[in-house]
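Participant: Residue numbers (the working numbering), protein chains in the order written: chain A, 1 to 108; chain B, 1001 to 1114. Built from N, CA and C at the ideal position, the CB exists for glycine as well. Please see the structure below; I have some questions.
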Amino acid sequence: RKEVEQDPGPFNVPEGATVAFNCTYSNSASQSFFWYRQDCRKEPKLLMSVYSSGNEDGRFTAQLNRASQYISLLIRDSKLSDSATYLCVVNYNRKLIWGLGTSLAVNP
Amino acid sequence: DGGITQSPKYLFRKEGQNVTLSCEQNLNHDAMYWYRQDPGQGLRLIYYSQIVNDFQKGDIAEGYSVSREKKESFPLTVTSAQKNPTAFYLCASSMGQGGSNEQFFGPGTRLTVL
């Protein structure tokens, strides 16, 4: 089992839709969690950290479920500019473990 | 502006040549990292440095070398011993050590070995 797993997609959604991604991790002692977005041929950019109580930043909501060992990202009212690859990142044993990413395409 | 810079953006080299990729940050971050990204693969850690004059091997250090003589700078040398050097190289930095803090990335260097 991979340490961090994501559905690669692609997720194709119309503008205005709500879309959610999950990411599972294998190490129960993982300490911190992040979502990054990466545009084609660009560097990853931090989208948000994921806190135990869940957190929201505008149209984006991140949740952590330690019991089932997954984190989620919800995007409401999708925009064309949300089209990107979303990377799940888990800190385990003082090292960041990167998922392969979920590809999102928001269509007009 | 605070940030991380990498140069050059694109680099072409002949097989058998060593090449050094530059990474500079003015964020006053202690920790710096080098990753490579290949199509269809996640980021893989090459080397990291938590403090000046100290660095550790990541998961795929073979064929690479680094130095950390200054807090702001963490250059990566891709040596001729690296069997598949063509890749997208990303440098990152973070305030703290051990991956507990968010990492911020430079724009990357796309290396092609002919």
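Among the residues of its own chain, which have a CB less than 8 Å from the CB of E15 of chain A, if the five just before and after it don't count?
Facilitator: Here residue 15 of chain A corresponds to residue number 15 of the first sequence, with the count starting at 1. Hits under 8 Å: S78, K79, L80, V106, N107 and P108.
Participant: 8 Å is my cut-off, CB to CB: does F34 of chain A come that close to chain B?
Facilitator: Stepping through the first sequence from its first residue, residue 34 of chain A is reached at position 34. For F34 of chain A, the answer is yes, since a Cβ of chain B falls inside 8 Å of its Cβ.
Participant: Unbroken beta strand (DSSP E) runs of length 3 or more, entirely within the segment 1010-1081 of chain B: which are they?
Facilitator: 1010-1013, 1019-1025, 1031-1037, 1044-1051, 1054-1057, 1064-1066 and 1076-1078
Participant: What is the DSSP secondary structure of L1114 of chain B, reduced to helix, strand or coil?
Facilitator: For the purposes of this step, residue 1114 of chain B is identified with residue 114 of the second sequence, where counting begins at 1. Here L1114 of chain B sits in coil by DSSP.
Participant: Can you give me, in chain order, the residues of the segment 39-72 of chain A that have a beta carbon less than 9 Å from any beta carbon in chain B?
Facilitator: The residues in question are R41, K42, E43, P44, K45, L46 and S49.
Participant: Kindly indicate which residue of B:N1101, B:V1113 and B:N1084 has the alpha-carbon position closest to the one of E1062 of chain B.
Facilitator: Start at 1 with the first residue of the second sequence, and residue 1062 of chain B comes out as number 62. It is B:N1084 whose Cα lies nearest to the Cα of E1062 of chain B.
Participant: Anything in chain A within Cβ reach of P1039 of chain B, meaning under 8 Å, just list it in chain order.
Facilitator: Here residue 1039 of chain B refers to the residue found at position 39 of the second sequence. The contacting residues do not exist; P1039 of chain B stays about 11 Å from chain A at best.
Participant: Leaving aside the five residues before and after G54 of chain A along the sequence, list all residues of the same chain whose C-beta is less than 8 Å from its C-beta, in chain order.
Facilitator: Mapped onto the first sequence, residue 54 of chain A falls at position 54. Closer than 8 Å at the Cβ level, and outside the excluded window around G54 of chain A, lie T61, A62, Q63 and L64.
Participant: By Cβ distance below 7 Å, which residues in the same chain neighbour A24 of chain A in space, the five residues on each side in sequence not counted?
Facilitator: Counted from its first residue, the first sequence places residue 24 of chain A at position 24. According to the sequence as given, residue 24 of chain A is Thr; it is not Ala. So the list reads E5, Q69 and Y70, once near-sequence residues are dropped.
Participant: Return the chain-ordered list of same chain residues with a C-beta closer than 7 Å to the C-beta of G36 of chain A, the five sequence neighbours on each side being excluded.
Facilitator: By one-based count along the first sequence, residue 36 of chain A stands at place 36. For the record, residue 36 of chain A in the displayed sequence is Tyr; it is not Gly. These residues qualify, in order along the chain: P44, K45, L46, L47, L87 and V89.
Participant: Chain B partners of L100 of chain A, CB-CB under 9 Å?
Facilitator: Taking the first sequence and counting its residues from 1, one reaches residue 100 of chain A at position 100. Near L100 of chain A (Cβ distances below 9 Å), the residues of chain B are G1040, Q1041 and G1042.
Participant: Output yes if chain A places a C-beta closer than 8 Å to the C-beta of Q1103 of chain B; else output no.
Facilitator: For the purposes of this step, residue 1103 of chain B is taken as the residue at position 103 of the second sequence. Yes, Q1103 of chain B lies at the interface with chain A (some Cβ there is under 8 Å from its Cβ).
Participant: In three-state terms, what does DSSP make of D57 of chain A?
Facilitator: Within the first sequence, numbered from 1, the residue matching residue 57 of chain A stands at position 57. Strand at D57 of chain A.
Participant: Helix, strand or coil: how does DSSP classify L100 of chain A here?
Facilitator: On the first sequence, position 100 is the one that residue 100 of chain A refers to. In the structure shown, L100 of chain A sits in coil (DSSP, three-state: anything other than H, G, I, E or B).
Participant: So for S68 of chain A, helix, strand or coil by DSSP?
Facilitator: Residue mapping note: residue 68 of chain A aligns to position 68 of the first sequence, counting from 1. Residue state, collapsed to three classes: coil.
Participant: Would you kindly check if the distance between the Cβ of S1022 of chain B and the Cβ of P1107 of chain B is under 8 Å?
Facilitator: The sequence position of residue 1107 of chain B within the second sequence is 107, counting from 1. The sequence position of residue 1022 of chain B within the second sequence is 22, counting from 1. No.
Participant: Given a cut-off of 8 Å on the beta-carbon distance, is the pair P8 of chain A and L104 of chain A in contact?
Facilitator: On the first sequence, position 8 is the one that residue 8 of chain A refers to. On the first sequence, position 104 is the one that residue 104 of chain A refers to. For P8 of chain A and L104 of chain A, no; Cβs fall outside 8 Å.
Participant: Assign R1068 of chain B to one of two classes, buried (16 or more other C-beta atoms within 10 Å of its C-beta) or exposed (fewer than that).
Facilitator: Translated into positions along the second sequence, residue 1068 of chain B becomes position 68. So R1068 of chain B ends up on the buried side.
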